[in-house]
């Protein structure tokens, strides 16, 4: 939130802005890789099918909601 306010108040040169955006994307990718690094397939199999079905249902709900809301916001 602080960076959103900062970006709204302070005008940065485009090159600095693009560098910060790329740095943020790299940091996010590294964090996601670190989360997946400890994942073991045996542990996932032990969970069974229910958590994956729930994740699929939630994914479909979010995707559908996004598809419904986007035209309202953009149109």
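Residue numbers (our numbering): 1 to 75.
Note that beta-carbon positions come from the ideal geometry of N, C-alpha and C, so glycine has one too.
Worksheet item: Rounded to a whole number of angstroms, what is the C-alpha to C-alpha distance between residue 54 and residue 67?
Response: Within the chain shown, the letter at position 54 stands for residue 54. Within the chain shown, the letter at position 67 stands for residue 67. Distance between the alpha carbons of residue 54 and residue 67: 20 angstroms.
Discussion item. Distance check for residue 20 and residue 14, CA to CA, integer angstroms please.
Written reply: Stepping through the chain shown from its first residue, residue 14 is reached at position 14. Stepping through the chain shown from its first residue, residue 20 is reached at position 20. Taking the straight line joining both Cα atoms gives about 10 angstroms.
Discussion item. Tell me the DSSP secondary structure of residue 11 in three-state form.
Written reply: Here the question's residue 11 lines up with position 11 in the chain shown. Looking at residue 11 - three-state DSSP - the assignment turns out to be coil, as it is neither helix nor strand.
Worksheet item: What residue range is occupied by the uninterrupted alpha helix (DSSP H) comprising residue 75?
Response: Numbered from its first residue, the chain shown carries residue 75 at position 75. Under the DSSP assignment, residue 75 falls outside any alpha helix (DSSP H); it carries neither an H nor an E label.
Worksheet item: Roughly how many angstroms separate the alpha carbons of residue 27 and residue 7, rounded to a whole number?
Response: One-based indexing of the chain shown puts residue 27 at position 27. One-based indexing of the chain shown puts residue 7 at position 7. Cα to Cα, the separation comes out at about 19 angstroms.
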